[in-house]
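To start, the structure itself, in structure tokens.
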Amino acid sequence: MYTWTFLLLTFGTLCINCQRSKSQRNCPSFDGRSQLRPHNRDMLMDIEYKQWDYENRKVPNNGGQCQAQISCSSQRKYRTADGSCNNLINTRWGKAMECVNRLEKPVYADGSKAPKVAKSGRALPNPRTISNTQHSHVNSFSHITHMLMQWGQFLDHDITFTPTAQVREGVMDCCTQSSPECFQITIPNNDPFYSRFNRRCMTFVRSAPCLTCNMYREQINALTAFIDASNVYGSMDNETTALRLRDGTGMLRSQNNGLLLPQTADPENDQCSNRTQNLICFAAGDSRVNVLPSLTALHTLFMRQHNRICYFLKQINRNWNEETLFQEARIPFRGNPQQYLLRDNFFNPNPLYAADIDNIVRGIIGVSSQRFDPFVTDDVRNHLYRLTENQFGNDLVAFNLQRGRDHAIPGYTVYIYGCHQIRITQFRDLERFMPREQADRSSSSSKYLFQIIIT
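Numbered per mature numbering (1 follows the signal peptide of the UniProt record, and there is no 0), the sequence shown spans residues -23 to -1, 1 to 432.
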């Protein structure tokens, strides 16, 4: 149930470093503050409070490079946690906390940082309105199981995460606060769902800016761009250290006799744990581990497998120390790495405490998923990141659209020309690249070609 918007965001802003590696990103953070480790949060606050001047700043003299290269040893046997030195010639390629790369230059309203608008200077169509008009709830099942979706999300969380801007005061509510980093979504008065709850605004915080040589705002990939199981082990040394047991076995931390992931270290502020019921969310190499029970289950399997490998390596190699056991157990993961309604189970891993992991994995392997189509279910259009006490959540489609404007991604026709050297002059030309009914929906949402937003 992915959308053209998702595909455009995926290929429009490649979430890797300032070089030419490729990756994808689109998993909007409902609150970026809770999604980053404290060390990375501090780094982002330093960036924000420098009041970086995109128009007038001077490019640093780093030998003609965007950033100074990191010194690496060719004798190093194991990968670094943050992905640096994986390429000995371009030592920053794929490193965590680096700027993203683009296929096409951004189209910021002011040329450097203001969110994208129409060519006329007017606001683009309301993202919530587009979400309502372009998507419908369709149930059509295929021979593919839910594991395909779940493995795809697990893989995505290994290579990309774009953090949002931070404030020192805590959570930023753009519907009640004013900030240059706010880009809230207005909900129409006649919205078929939110009008029942008198909701008129959806908070939205812009992606954190990245220090770059470009004279326009860029975004950050907080993870390594490599498929290296960083979602299991973390993308920074401090994250990896926090997950390790450090008892001489090389194993990862766990609970319930090794059956469950360890608990989060910050249950008061993780926006997931339920302290009143003593249900604490889980910790893993990626902070989104609790998004879905099936995703948490995969993380748990990888933790168990790492510890299983460590156990057998220790039996075979009695002289290996803690570090060797840990690093050798990581190696197999580097290259081989919906029974529940989405509305009720985003950031709700509590059922896993009832030892349901095995049943969840069997379910996603054995239950057919819906067919691929251009629609997004109402569960994530109306209930995304819904809090337990609320009857509504956010809209994933509207978030995706707003994120594309935040990143100033050019219209779909720009990418068609960049890839195929074909100019789109009328909506009928789009039929070469999408079904006719999809092109018709695009034409009904966009008055002019330059406003096309593929949904």
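Think of the CB as a built atom: it goes at the ideal place given N, C-alpha and C, for glycine as much as any other residue. Predicted, not measured: the structure shown is a model, and the values here were computed from it.
With a threshold of 16 other beta carbon atoms within 10 Å, MET192 falls short and is exposed. At a Cβ-Cβ threshold of 8 Å, ARG194 and SER89 count as neighbours.
Counting along the chain, no beta strand (DSSP E) covers SER184, and no H or E run does either.
Contact annotation: the region 278 to 295 touches the region 217 to 232, with at least three C-beta pairs closer than 8 Å. By the criterion of a C-beta distance shorter than 8 Å, TYR394 is surrounded in its chain by ARG400, ILE401, once the five residues flanking it on both sides are discounted. At a Cβ-Cβ threshold of 8 Å, PHE259 and THR273 count as neighbours. Judged by DSSP in its simplified three-state form, GLN232 adopts strand. Of ALA385, SER346, SER231, ALA58, the smallest CA-CA separation from TRP128 is found for SER346. In this structure, the alpha-carbon of ILE257 lies about 12 Å from that of GLN232.
Around the beta carbon of ASP135, a 10 Å sphere encloses 16 or more other beta carbons of the protein chains shown; the residue is thus reported as buried. Around the beta carbon of GLY262, 16 or more other beta carbons sit within 10 angstroms, so the residue counts as buried. Contact between the region 149 to 163 and the region 332 to 343 is absent: fewer than 3 CB-CB pairs across the two stretches fall below 8 Å.
Here ARG363 carries a coil assignment [DSSP, helix/strand/coil]. In the displayed model, CYS49 falls within coil according to three-state DSSP, outside both helix and strand.
ILE197 is bridged by DSSP to CYS76. If you compare the alpha carbons of SER207, PHE376, ALA142, ARG183 with that of TYR362, the shortest gap goes to PHE376. Taking 8 Å as the cut-off, the beta carbon of ALA199 is found no closer than this to the beta carbon of MET280. Within the DSSP secondary-structure output, PHE259 pairs in a beta bridge with GLN240.
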